[in-house]
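In the numbering used here, the protein residues as written are 7 to 357.
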């Protein structure tokens, strides 16, 4: 546990984890997508008994078996396991739980997640005699795997929703150690905090807010006679440079790295663009997450076959900035390597 009083939450490291809490247990990892393949391989190489649960006909079966992992159906994996790590997409978790996991849970088992959506919004309601935990690495699975192989770590969140055995936290820490996250730091949270902050961040800033800001900036330049290529570079391409600076040194590090002209213009105009009205909209977005309105809307959207999702996704793909960007990205040396990484991720995306 950290002695650093600067943290407002408890942070655990490798010295706080005891592998004995998991080394004699079997862990079933359901799914072999972004997180599933990383958790499976890292645990396996940490000496944990791992069985991967994949549906019949899954395209990921061969890949998992080639890595030396035991692969079976989700139901068989759950039946064999003491810890069931549910890493299939949120939208299919309730069905997998109902048909494969719930019938095979025994008292004292652990039901574990990397995101708390279905527990927090009661789409999965586990029995009272099992532990329910979450270990959520704060990066995509390929980076969790890459960092592990480099003997480095990826920070993660840890939460306990239900502690039937009295050992839920210790076991979750051992799991976090097994996938390499305790090397970097494991921060304690709750299912509610993880879910609500995650959904809000995605919608208001990381995915929804940023893409909307980029498109509006692009459209403003193009509508005023500037070339699509110049607009793309200024409003999308260079965003990565700024985000990397913030990632490495916070906002202060970014301001120190850009020109004085850029700093002054940003400080003067930033709050003019993203003003109090935007903050009010963010408050409304957060309220919809907190009161379950967004969850109900998303669940209903899936039950209806995703009509709005499909329409919105198609409109996004057809925005002019996408066509311009596809051409311009071919100019960069990293394009081929990035395409290869993307294809690798897509092979397992549905599992």
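Backbone N, C-alpha and C fix where the C-beta goes; we use that ideal spot for every residue, glycine too.
The structure presented is a predicted model; accordingly, all values stated were derived computationally and were not measured.
*Would residue 339 be called buried (16 or more neighbouring beta carbons within 10 Å of its own) or exposed?*
Here the question's residue 339 lines up with position 333 in the chain shown. Under this definition residue 339 is an exposed residue.
*Proximity of residue 201 and residue 123 at Cβ, strictly below 7 angstroms*: Against the chain shown, residue 201 aligns to sequence position 195. Against the chain shown, residue 123 aligns to sequence position 117. Contact: yes.
_Nonlocal neighbours in the same chain, by C-beta distance under 8 angstroms from residue 157, ignoring five residues either side_ = Along the chain shown, read from residue 1 onward, the residue named residue 157 stands at position 151. Counting only Cβ-Cβ distances below 8 angstroms, and skipping sequence neighbours, we find 189.
*State the Cα-Cα distance for the pair residue 73 and residue 278, rounded to the nearest angstrom.*
Within the chain shown, residue 73 is the residue found at index 67, counting from 1. Within the chain shown, residue 278 is the residue found at index 272, counting from 1. Between residue 73 and residue 278, the C-alpha separation is close to 53 angstroms.
*If you draw a straight line from the alpha carbon of residue 175 to that of residue 32, how long is it in whole angstroms?*
The residue you call residue 175 lines up with position 169 of the chain shown. The residue you call residue 32 lines up with position 26 of the chain shown. One C-alpha to the other measures close to 17 angstroms.
*Which runs of the alpha helix (DSSP H) fall wholly inside the stretch 72-102 and span at least 4 residues, in chain order?*
80-86 and 99-102
*List the whole-angstrom C-beta distance separating residue 359 from residue 23, where the pair is believed to meet the contact cut-off of C-beta under 8 angstroms.*
As shown, the chain starts at 7 and ends at 357. That puts residue 359 outside it, with no answer to give.
*Contact check, residue 19 vs residue 191 under 8 angstroms by CB: the rounded distance?*
As a position in the chain shown, residue 19 is number 13, starting the count at 1. As a position in the chain shown, residue 191 is number 185, starting the count at 1. The Cβ separation is near 6 angstroms, so the contact holds.
_Proximity to residue 238 [Cα-Cα], best of 141, 332, 71 and 17_ = Translated into the one-based positions of the chain shown, residue 238 becomes position 232. The shortest C-alpha separation from residue 238 is found at 332.
*Using only alpha-carbon positions, find the residue among 91, 219 and 199 that is nearest to residue 276.*
Within the chain shown, residue 276 is the residue found at index 270, counting from 1. Checking every option, the nearest Cα to that of residue 276 belongs to 219.
*Between residue 328 and the rest of its own chain, which residues show a CB-CB distance below 8 angstroms, the 5 nearest in sequence each way excluded?*
Here residue 328 refers to the residue found at position 322 when the chain shown is read from its first residue. These residues qualify, in order along the chain: 322.
*Provide the residue span of the alpha helix (DSSP H) that contains residue 123, from first to last.*
Position 117 of the chain shown, counted from the start, is the residue given in the question as residue 123. Its alpha helix (DSSP H) spans residues 123-126.
*7 angstroms Cβ cutoff met for residue 149 and residue 194*: Reading the chain shown from its first residue, position 143 is the one you call residue 149. Reading the chain shown from its first residue, position 188 is the one you call residue 194. Not a contact, by the Cβ cut-off of 7 angstroms.
*Beta-carbon spacing of residue 160, residue 137 below 7 angstroms*: What you label residue 160 is simply residue 154 of the chain shown in a count that begins at 1. What you label residue 137 is simply residue 131 of the chain shown in a count that begins at 1. No.
*My understanding is that residue 117 touches residue 92, with C-beta atoms under 8 angstroms, so please give their C-beta distance in whole angstroms.*
By one-based count along the chain shown, residue 117 stands at place 111. By one-based count along the chain shown, residue 92 stands at place 86. Confirmed, Cβ separation roughly 7 angstroms.
_Euclidean distance between Cα positions of residue 84 and residue 295_ = Along the chain shown, one-based indexing puts residue 84 at 78. Along the chain shown, one-based indexing puts residue 295 at 289. Going by the C-alpha atoms only, they are around 31 angstroms apart.
_Separation of residue 36 from residue 98, as counted between CA atoms_ = The residue labelled residue 98 in the question sits at position 92 within the chain shown. The residue labelled residue 36 in the question sits at position 30 within the chain shown. Spanning the two alpha carbons is a distance of roughly 11 angstroms.
*Since residue 213 and residue 224 are thought to touch, with beta carbons under 8 angstroms apart, how far apart are those beta carbons, to the nearest angstrom?*
If you number the chain shown from 1, residue 213 lands on position 207. If you number the chain shown from 1, residue 224 lands on position 218. Not quite, the Cβ-Cβ distance comes to about 17 angstroms (not below 8 angstroms), so this is no contact.
_Please classify residue 265 as buried or exposed, where buried requires at least 16 other C-beta atoms within 10 Å of its C-beta._
What you label residue 265 is simply residue 259 of the chain shown in a count that begins at 1. Residue 265 should be labelled exposed.
*May I have the straight-line CA-CA distance separating residue 245 from residue 326, to the nearest angstrom?*
On the chain shown, position 239 is the one that residue 245 refers to. On the chain shown, position 320 is the one that residue 326 refers to. Between residue 245 and residue 326, the C-alpha separation is close to 18 angstroms.
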